[in-house]
Amino acid sequence: MATADTAHYDFAAIESKWQQKWLTENTFKVSEDQDREKYYLLEMFPYPSGRIHMGHVRNYTIGDVVARFKRMQGYNVLHPMGWDAFGLPAENAAIKNATHPAKWTYENIDYMRGQLRQMGLSYDWDRELATCNDDYYRWEQLFFIELYEKGLIYPKITVVNWCETCQTVLAREQVIDGCCWRCDQGVEPREMNGWFFKITDYAEELLAECDNLQGWPEKVLTMQRNWIGKSIGAQVDFAIEGRHDTLTIFTTRPDTIHGATFMSIAPEHPLVAALTKGTAQEDAVADFVKRTTIAKQRQKAGEELDKEGVFTGAYAINPYTGDKLPIYTANFVLMEYGTGAVMAVPAHDQRDFEFAQKYDIPIKVVIQPEGEALDPAGMEEAYEGPGKLVNSADFSGMLSEEAKKSITAKADKEGFGQQQVTYRLRDWGVSRQRYWGSPIPMIHCQKCGVQPVPKDDLPVTLPKDVSIDSSGKSPLHSLESYYKTCCPKCGGQARRETDTMDTFVESSWYFARYTCPDYTDGPLKKEAVDYWLPVDQYIGGVEHAILHLLYSRFFTKILRDLGYLTINEPFTNLLTQGMVIKDGFKMSKSKGNVVDPAELIGQYGADTVRLFSLFAAPPEKDLEWNDQGVDGAYRFLNRVYRFIISNQDLLKNNPSLPTELSKAGQALHRKTHQTIAKVSQDIDGKFHFNTAISAIMELNNTLSSMTSGDQKQVPEKGVITEAVDAILQLLAPMVPHFTEELWQLLGHKEELTMTPWPSFDKDAAKEDEITLVVQVNGKVRSRLQVEAGIAEETIKKMALADDRVQKFIEGRDIRKVIIVKNKLISIVV
RNA sequence: GCGAGAGUGGCGGAAUUGGUAGACGCACUGGAUUUAGGAUCCAGCGCCUUUGGUGUGGGGGUUCGACUCCCCCCUCUCGCACCA
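The numbering of the first sequence is the numbering used here, which starts it at 1315 and goes up by one.
The following block contains the structure:
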């Protein structure tokens, strides 16, 4: 510890001292305790990329403040940490550095664990887990098999983006202008067999339960709802002229069906080839399909292709009108949504309108908006709103909403259609042709087909003795010792599935495994999950608003249905923290605006870095990084430090509060309790750490100005002690090392971590003197110092007699006087 | 295009059952102290034509009183994006 006249506190010594103590004493270890109320606080676990960045610092600081705050409030707080350790970057790093993904990953974990400890985060390190360990992923292999048995996992052949050079499948975002992001070679569509989770079975529940997630930001819920994308409409079969098969379409506007003048189907639709085979159109259509496929692949995100299509030569019959409608294949129809085919109503759908104009197809109005008469000849765009039906046989005269029901009912009754609910949500494809992931526990037998690995044989361990070459190809596909196996059913020779699981599978249930990370009798220990789950507060970046959070919600529901959990939703409250920005951009290596937390911690200490990241912005907003702001945080801590050091003797005997207080004593006592109230409210549930810190700064400013040399009246020792204790207690969750050290220095026996959060005295916080604002015609003209609760008549007299007020009311009629109790008096002249 | 959110000093941000706009901090300016300081302390700090006026993206409205409520418009950020 430094001496009194030193300007800076010795953060390095203090921080390592307390970190050592927390580590060796296992201070934050918790277990189930039925007598205490639990609080499960979780931050999204990191990918072990190498070193922590500012985003981590911010995320984990926010979480740690809440954890420490709740602990001081008396909760049994579960606050774990682990590693989302599988994934592609490890393979890329392995190629680049000629190492092994496992080595790279475990080294990163070791390094980053040290960095997190340097931040003074209050984790129960006994619960640390890494998803690349087989004692973790073995359980998701078990889930996989159980879900397969329940029919919630199935294999499907899909078209994927395949890079022949790299021998791998590419995700949509890895295809850049139709080429591989890594080798820049052309990407081709390829049919591949993959495993799918039937998340669509849960679409309705996932959607409905959004309404119950009151602790989630509305923004995230909206994104989830849109992603699930429920629409209610009708499915209708159109007969195809001269053929026995039918064309089934989905529409949300059955009310417009009498206005259909053509049909459009997706280029990939199986009927396209069937309808044109051997006809004059065959070549033209095939050419169009090929061109469109390429164009779609090259299509950049956000880009819309010009509407284009080609006539197939076939006609569909509108079951309502008997009209013969030409069937086009069009580039804007999506195979993956609805049935991949739509009826086209140019008068009431903008896309169809544009298409009809281009190809000179008739436009038929069947909806008339109120007070307007649409004329097909004069229309410049489709009318998509509601209205009254016209040209619609028996349905003419109905309003859109009624017509939707009646028209669908007719289809249902006559057997050519029915009401249909459609979701945008697709089943979750989890197969990855990657090495560094959890093996999919399936076996392919020529004779018996697909067989799950027997549960007793789990885990299917990812072989470590492989080398990763620069091709990017997973070594598992050619590793004979791995894929060569026996069929569990017939015992014959069989091939093991060589794909691994999407890493999102691991992160979909880790929060549950934290409750019993060492449990070996199963994935989840009932007593542990029942006590700890759900997570009370989850904190992480908004970039996970859709996928990770949706998959976790889905996993919670399937684990419930498998009997492992009893909860419906994993995260009661969600806080999505903003990004860390510098010079207007998100910190990134490519922008060159990265600030390394390690350097800052070395320069200022963890407490300062924590304090600044809390103070600079409220957590849900982006944080603009400012090096000078860090200085400010550091200066504040030093001011507190110097005050305590220089008043050590006064504070050390821990004087108690006198019964009679001087005026100065009363004022400081009041400010202390007002600050306790403000900080408690700001942290609890609101997470307004920035305003909490500014309130503590105010208290500190009051304290130092009241006790500086030239004051006539200084507060009593007991009041000063109370204020100093409050400052340390209120700061404790944010700057834990700093406050512990000073707390100990002041002679407190119990660690601050274990000390209850201070309570505030309502009476003490009450103001007895108030500044009353006097307004004339809505403008502030004067201020009055009055006692609280003074009579309104007295106030009125005082205000009217005030010199500054007199100037503005002299010689005018007073029309009205409005008094807002303890706030202001407004005179209208 | 659709959906959500946001526009307040030089900067980060405070303040909304309508009631002192700019808390707290950064930067800046002046002073003190110091061998020196990027340390510390004191004072000042929205703008203007400063006994006053004006000001929370712009315009209008309600009100004694509007950052806050209502209407119109502009800008920015994020998400989705040919979803039939």
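Yeah, the Cβ is synthetic: ideal placement off N, Cα and C, and Gly gets one too.
All of these numbers come straight from a predicted model, not from anything done at the bench.
How many Å lie between residue i and residue j at the Cα?
| i | j | result |
| --- | --- | --- |
| Gln2027 | Val2094 | 32 Å |
| Lys1839 | Leu1355 | 19 Å |
| Cys1587 | Ala1600 | With the sequence shown as reference, residue 1587 is identified as Ala, and Cys is not the correct amino acid for it. Distance between the alpha carbons of Ala1587 and Ala1600: 8 Å. |
| Val1534 | Thr1560 | 41 Å |
| Glu1555 | Glu1650 | 25 Å |
| Lys1769 | Glu1460 | 9 Å |
| Gln1980 | Pro2029 | 8 Å |
| Ala1316 | Arg1956 | The pLDDT assigned to Ala1316 is 35, lower than 50, so where the model puts this residue is not dependable, and the model offers no usable value. |
| Ala1318 | Leu1951 | Any answer about Ala1318 is weak, because its pLDDT of 37 lies below 50 and its placement is not dependable; what the coordinates show is given next. For Ala1318 and Leu1951, the distance between alpha carbons rounds to 14 Å. |
| Lys2137 | Lys2080 | 14 Å |
| Leu1879 | Asp1844 | 7 Å |
| Ser2140 | Ile2034 | 39 Å |
| Tyr1361 | Lys1727 | 56 Å |
| Ile1990 | Leu1521 | 41 Å |
| Gln1682 | Leu1703 | 6 Å |
| Leu1914 | Leu1876 | 47 Å |
| Lys1638 | Tyr1629 | 6 Å |
| Ile1291 | Pro1972 | Here the chain has residues from 1315 to 2143 only, and residue 1291 is not among them. |
| Ser1970 | Asp1996 | 28 Å |
| Tyr1833 | Arg1441 | 11 Å |
| Gln1333 | Ile1757 | 49 Å |
| Leu1688 | Ile1675 | 17 Å |
| Val2134 | Ser2096 | 15 Å |
| Ala1553 | Lys1871 | 41 Å |
Find the nearest neighbour of residue i within the set the options, judged by alpha-carbon distance.
| i | options | result |
| --- | --- | --- |
| Gly1763 | Lys2000, Ile1881, Ala1808, Gly1751 | Ala1808 |
| Phe1625 | Gln1760, Thr1643, Thr1338, Asn1422 | Thr1643 |
| Pro1884 | Trp1846, Tyr1462, Ser1904 | Trp1846 |
| Asp1998 | Gln1851, Glu1596, Ala1327 | Gln1851 |
| Phe1325 | Gln1733, Lys1352, Met1433 | Met1433 |
| Val1954 | Leu1928, Asn2136, Trp2057 | Trp2057 |
| Val1380 | Asn1907, Val2049, Ser1363, Arg2129 | Val2049 |
| Gly1388 | Phe1359, Phe1400, Glu1351, His1367 | Glu1351 |
| Val2038 | Arg1452, Trp1336, Lys2000, Ser1960 | Ser1960 |
| Ser1745 | Gly1699, Thr1472, Tyr1697 | Thr1472 |
| Gln1733 | Met2112, Arg2118, Thr1566, Glu1329 | Thr1566 |
| Thr2145 | Arg1382, Asn1373, Tyr1353 | Outside the shown range of the chain (1315 to 2143) lies residue 2145, about which nothing can therefore be said. |
| Gly2190 | Tyr1824, Lys1761, Gln1747, Trp1823 | Since the first and last residues shown for the chain are 1315 and 2143, residue 2190 lies out of range. |
| Val2143 | Phe1926, Ile2123, Val1993 | Ile2123 |
| Phe1576 | Gly2032, Ala1655, Ala1723, Gly1543 | Ala1655 |
| Pro1568 | Phe1511, Ala1723, Asn1507, Leu1889 | Ala1723 |
| Asn1882 | Lys1678, Arg1867, Tyr1697, Glu1329 | Arg1867 |
Taking the continuous beta strand (DSSP E) assigned at residue i, which residues delimit it?
| i | result |
| --- | --- |
| Ile2034 | First-last for Ile2034: 2031–2045, but that is the alpha helix (DSSP H), not the beta strand (DSSP E). |
| Pro1469 | 1467–1477 |
| Thr1817 | Here Thr1817 belongs to no beta strand (DSSP E), and DSSP marks it neither H nor E. |
| Trp1509 | 1502–1511 |
| Pro1766 | 1763–1766 |
| Tyr1353 | 1352–1357 |
| Ser2140 | 2138–2142 |
| Gly1377 | Segment 1368–1386 is the alpha helix (DSSP H) holding Gly1377; no beta strand (DSSP E) there. |
| Ser1578 | 1576–1579 |
Where does the unbroken alpha helix (DSSP H) through residue i begin, and where does it stop?
| i | result |
| --- | --- |
| Tyr1451 | 1448–1463 |
| Met2146 | Residue coverage of the chain in this structure runs from 1315 to 2143, which leaves residue 2146 outside it and unanswerable. |
| Gln1334 | 1325–1339 |
| Ile1959 | 1941–1960 |
| Lys2076 | 2076–2079 |
| Ala1553 | Segment 1545–1554 is the beta strand (DSSP E) holding Ala1553; no alpha helix (DSSP H) there. |
Exercise. Contact between the region 1685–1695 and the region 1649–1667: three or more CB pairs below 8 Å?
Worked result: At 8 Å Cβ cutoff, the stretches touch.
Identify every run of the alpha helix (DSSP H) within the region 1903–1937, keeping only runs that are complete inside it and at least 4 residues long; order them along the chain.
-> As far as the region 1903–1937 is concerned, its whole alpha helix (DSSP H) runs of at least 4 residues are 1911–1918, 1920–1929.
(Q) To test your reading of the DSSP string, which unbroken beta strand (DSSP E) runs of 3 or more residues are found completely within the region 1641–1681? (A) Runs found: 1655–1658.
Handout entry: Meets three-Cβ-pair contact criterion under 8 Å: the region 1523–1540 and the region 1713–1725
Key = No: the two stretches stay apart, fewer than three of their Cβ pairs being nearer than 8 Å.
Given 8 Å, three or more beta-carbon pairs between the region 1500–1509 and the region 1843–1863: Flag = no, the region 1500–1509 and the region 1843–1863 do not touch.
Next on the checklist: Across the region 1665–1672 and the region 1746–1761, are there enough close Cβ pairs to call them in contact, namely three or more that are closer than 8 Å?
Outcome noted: Below 8 Å, too few C-beta pairs join the region 1665–1672 and the region 1746–1761 to call them touching: fewer than three.
inquiry  = Closer than 8 Å is the cut-off here; do at least three beta carbon pairs connect the region 2051–2071 with the region 2032–2043?
reply    = Yes, they touch.
Any 3 or more C-beta pairs closer than 8 Å across the region 1776–1787 and the region 1722–1742: Three or more beta-carbon pairs separated by less than 8 Å are not found between the region 1776–1787 and the region 1722–1742, which leaves the two stretches without contact.
- Message: Can you confirm whether the region 1894–1909 touches the region 1364–1374 when touching is taken to mean that 3 or more C-beta pairs between the two stretches lie within less than 8 Å?
- Response: Enough Cβ pairs lie closer than 8 Å, so yes.
Under 8 Å: do the region 1809–1816 and the region 1325–1343 share three or more Cβ pairs, one atom per stretch?
Taking a contact to require three or more Cβ pairs closer than 8 Å, the region 1809–1816 and the region 1325–1343 do not qualify as touching.
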